[in-house]
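Per the UniProt record's numbering, the sequence shown starts with residue 1, numbered consecutively. Every residue, glycine too, gets a C-beta built ideally from N, C-alpha and C. Every value quoted in this text rests on a predicted model; they were computed, and no experiment measured them. Scroll down for the structure; my scribbles are underneath it.
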Amino acid sequence: MKARLFQRIDNSPLIIFRIFFGLLVALECFGAIATGWVRRTLVEPQFTFNFIGFEWLQPLPGGGMYFYFAVMGFLGLAIMLGYRYRLSIISFCLMWTAVYLMQKSAYNNHYYLLVLISAFMCLLPAADSRSLDVRRNPDKERHTMPAWCRWIFIAQLFIVYTYAAIAKLYTDWLDFSFISLLMESRGNIPIIGEFLQQPLAHSIIGGFGILFDFLVIPMLLWKPTRKIALIASFFFHLFNSVVLQIGIFPYLSLAFIVFCYPPETIRRVFFPSKPQVQEEVLTTTIPKNANLVLTLLSLYFVIQLALPLRHHFIEGDVLWTEEGHRLSWRMMLRSRRGMVTYRVEDKATGQSQNIVLDEYLTPKQHGMASAYPDCMWQFAQRLKAEYSAKGMDVSVYVNARVRINRRPFQPFIDPEIDLAAEPWDPFRHHRWILPRNSGDLHE
Numbered sequence: 001m002k003a004r005l006f007q008r009i010d011n012s013p014l015i016i017f018r019i020f021f022g023l024l025v026a027l028e029c030f031g032a033i034a035t036g037w038v039r040r041t042l043v044e045p046q047f048t049f050n051f052i053g054f055e056w057l058q059p060l061p062g063g064g065m066y067f068y069f070a071v072m073g074f075l076g077l078a079i080m081l082g083y084r085y086r087l088s089i090i091s092f093c094l095m096w097t098a099v100y101l102m103q104k105s106a107y108n109n110h111y112y113l114l115v116l117i118s119a120f121m122c123l124l125p126a127a128d129s130r131s132l133d134v135r136r137n138p139d140k141e142r143h144t145m146p147a148w149c150r151w152i153f154i155a156q157l158f159i160v161y162t163y164a165a166i167a168k169l170y171t172d173w174l175d176f177s178f179i180s181l182l183m184e185s186r187g188n189i190p191i192i193g194e195f196l197q198q199p200l201a202h203s204i205i206g207g208f209g210i211l212f213d214f215l216v217i218p219m220l221l222w223k224p225t226r227k228i229a230l231i232a233s234f235f236f237h238l239f240n241s242v243v244l245q246i247g248i249f250p251y252l253s254l255a256f257i258v259f260c261y262p263p264e265t266i267r268r269v270f271f272p273s274k275p276q277v278q279e280e281v282l283t284t285t286i287p288k289n290a291n292l293v294l295t296l297l298s299l300y301f302v303i304q305l306a307l308p309l310r311h312h313f314i315e316g317d318v319l320w321t322e323e324g325h326r327l328s329w330r331m332m333l334r335s336r337r338g339m340v341t342y343r344v345e346d347k348a349t350g351q352s353q354n355i356v357l358d359e360y361l362t363p364k365q366h367g368m369a370s371a372y373p374d375c376m377w378q379f380a381q382r383l384k385a386e387y388s389a390k391g392m393d394v395s396v397y398v399n400a401r402v403r404i405n406r407r408p409f410q411p412f413i414d415p416e417i418d419l420a421a422e423p424w425d426p427f428r429h430h431r432w433i434l435p436r437n438s439g440d441l442h443e
């Protein structure tokens, strides 16, 4: 195993992926400014729902976040061109990770994937060829890399797709009722919009989604099925881009395919003028730090395998409680809506008042604070801190009803518990989340 992972292979897949990756993250960052995403998510809100524990990461004041995203966009272009690559990719990785942890109102799994992949790219020799760094210093040019530089992408993708497929194996996906709900707002898409409202379309989308996620990586790696998988990948990801409008994720997923083809094939397709690596160069050289590299990679992938499983060790159904949902590749699985009242009670006088959420939250944040338990808890902490600054010691009570997909609203939070006084534990069930009605949801 060690010999195979450290065997030298043509580095063309990594080089072309660097170019694709840099271009896509640049488009993501500049697009976030142009479409108003930065304004809606990071400029207009009075505060953001950080990942719990990272409250110290706050958006820059004024128009600072526009500048922040512009810098990330230019770093993406520098990555694409291989200009001061190590500085550019490390800077982008840190900045993207910070903005990811800074808010979760606009949570998307591909934001998390970009955190992981940009961290990979910090460690890899992705600018050893076809880069401005090599043009400035030709002695740095290399045409090979250790095979593990390719396989870590394949392993990561296999984890993403497999857990995404497993998560779909629950009632509302298997009876296609969630697909029907998901497609309701897509009726105005030209040409296919009307078809997307038909039960046949829902069956095709639901069934193909599960099969694709389970099979695409093995089929891309096996030569007899590779062309079929390639065609299916283009269809699947372009369909998602048009219908679901999920940013660069479909195109990033297509870019990953270069790691599933033999490196020599990628060289011939994308870099025909690049010299073919001779067989005698493709040797296996075990570096002195090989054991350290393998240990760190093993630890990383154990964590990646474990995180999506953690909800099985937390009481309750993750579709209802949300405990263990994030960082688990549970993508496009459910619609979640809530109705909520926040009541603040002065402990000294017993007087209470209901909070008008629109005075604190944007419409997107309002939805999060109405249906997602971590955001409810965070908003309760914020209210407590605000009243504490006024010299008042208060309790915060939340009365919430939540619905999953088309199912009826059900009580979600125990209205008798002071949410502001409750601790947060990311690996345990919280007693203030009420159980769902028995039989209403089945994974």
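Buried/exposed call for residue i, threshold 16 Cβ in 10 Å
| i | result |
| --- | --- |
| glycine 206 | buried |
| leucine 60 | exposed |
| tryptophan 424 | exposed |
| histidine 237 | buried |
| phenylalanine 212 | buried |
| histidine 325 | buried |
| glutamate 443 | Unreliable positioning characterises glutamate 443 in this predicted model, as indicated by a pLDDT of 47, which lies under 50. The coordinate reading is nonetheless provided below. Looking at its Cβ environment, which holds fewer than 16 other Cβ atoms inside 10 Å, glutamate 443 is exposed. |
| serine 388 | exposed |
| histidine 430 | buried |
| asparagine 222 | The sequence as given places tryptophan at residue 222; asparagine does not occur at that position. So tryptophan 222 ends up on the exposed side. |
| residue 445 | Since the displayed the chain opens at 1 and closes at 443, residue 445 lies outside it and no answer follows. |
| glutamine 278 | exposed |
| phenylalanine 313 | exposed |
| arginine 135 | exposed |
| threonine 321 | buried |
| isoleucine 89 | buried |
| alanine 306 | exposed |
| aspartate 172 | buried |
| glycine 73 | buried |
| phenylalanine 427 | exposed |
Boundaries (first-last residue) of the beta strand (DSSP E) holding residue i
| i | result |
| --- | --- |
| alanine 400 | 394-404 |
| aspartate 10 | 8-10 |
| arginine 337 | 336-346 |
Residue span of the alpha helix (DSSP H) that contains residue i, given as start and end
| i | result |
| --- | --- |
| glutamine 353 | Counting along the chain, glutamine 353 falls outside any alpha helix (DSSP H), though it belongs to the beta strand (DSSP E) covering 352-354. |
| valine 302 | 290-306 |
| proline 146 | Note, proline 146: premise wrong, no alpha helix (DSSP H); beta strand (DSSP E) at 144-146. |
| valine 115 | 109-123 |
| aspartate 317 | Counting along the chain, aspartate 317 falls outside any alpha helix (DSSP H), and DSSP gives it neither H nor E. |
| methionine 219 | 199-221 |
| leucine 180 | Looking at the sequence provided, one finds serine at residue 180 rather than leucine. Per DSSP, serine 180 belongs to the alpha helix (DSSP H) from 177-183. |
| glutamine 381 | 373-389 |
| glycine 76 | 64-81 |
| valine 258 | That residue, valine 258, is in no alpha helix (DSSP H); it is neither H nor E in DSSP. |
| threonine 349 | Note, threonine 349: premise wrong, no alpha helix (DSSP H); not H, not E. |
| methionine 332 | Unbroken run through methionine 332: none, as it is neither H nor E. |
| serine 88 | 85-102 |
Expected contact under 8 Å - CB spacing of residue i and residue j to nearest Å
| i | j | result |
| --- | --- | --- |
| asparagine 11 | arginine 142 | 7 Å |
| leucine 254 | phenylalanine 235 | Not quite, the Cβ-Cβ distance comes to about 11 Å (not below 8 Å), so this is no contact. |
| serine 131 | tyrosine 170 | Not quite, the Cβ-Cβ distance comes to about 45 Å (not below 8 Å), so this is no contact. |
| arginine 334 | leucine 319 | 6 Å |
Residue closest to residue i, alpha-carbon to alpha-carbon, out of the options
| i | options | result |
| --- | --- | --- |
| isoleucine 210 | Lys223, Phe176, Ser241 | Phe176 |
| alanine 385 | Pro363, Ile404, Leu419, Gln365 | Leu419 |
| alanine 167 | Phe214, Arg401, Ile19 | Phe214 |
| alanine 348 | Pro435, Val394, Met376 | Val394 |
| glutamine 304 | Ala70, Leu327, Ile314 | Leu327 |
| cysteine 122 | Leu75, Val398, Val340 | Leu75 |
| histidine 202 | Glu184, His366, Ser180, Asn399 | Ser180 |
| glycine 338 | Val344, Pro308, Pro373 | Pro373 |
| asparagine 147 | Cys260, Ala371, Phe21, Tyr360 | Strictly speaking, residue 147 in this sequence is alanine, with asparagine absent from that position. Of the listed residues, the one whose Cα sits closest to alanine 147 is Cys260. |
| isoleucine 9 | Thr285, Ser233, Phe235, Gln365 | Thr285 |
| aspartate 128 | Ala306, Ala165, Leu319, Met80 | Met80 |
| threonine 41 | Gln103, Tyr170, His366, Ala98 | Gln103 |
| proline 408 | Asp133, Gly391, Lys364, Arg336 | Arg336 |
| glycine 367 | Asp346, Gly391, Arg403 | Arg403 |
| glutamate 323 | Pro435, Val38, Ser118 | Pro435 |
| serine 241 | Ser88, Asp139, Ile189, Pro45 | Ile189 |
| proline 13 | Phe49, Leu87, Met145 | Met145 |
| alanine 380 | Gln365, Val398, Ala371, Pro363 | Val398 |
| threonine 97 | Leu87, Thr341, Ile117, Gly82 | Ile117 |
| glycine 62 | Leu200, Glu44, Val396, Gln410 | Glu44 |
| cysteine 29 | Ala369, Ile204, Tyr100 | Tyr100 |
| leucine 113 | Cys93, Pro125, Ala126 | Cys93 |
| arginine 268 | Arg4, Ile16, Phe6 | Ile16 |
| methionine 1 | Leu294, Ala165, Ile217 | Leu294 |
Quiz item: Do the segment 270-278 and the segment 46-58 touch if we need at least three Cβ pairs shorter than 8 Å?
Solution: No contact exists between the segment 270-278 and the segment 46-58.
Quiz prompt | Validate contact between the segment 412-420 and the segment 299-316 using beta carbons, cut 8 Å, 3 pairs | solution = No, the segment 412-420 is not in contact with the segment 299-316.
Self-check item: Touch test, the segment 28-36 against the segment 344-360, Cβ-Cβ under 8 Å, three pairs minimum
Solution: Contact between the segment 28-36 and the segment 344-360 is absent: fewer than 3 CB-CB pairs across the two stretches fall below 8 Å.
Exercise. Report yes or no: do three or more beta-carbon pairs, one from the segment 66-75 and one from the segment 106-122, lie closer than 8 Å?
Key: With a cut-off of 8 Å, the segment 106-122 and the segment 66-75 do not count as touching, because too few Cβ pairs lie within range.
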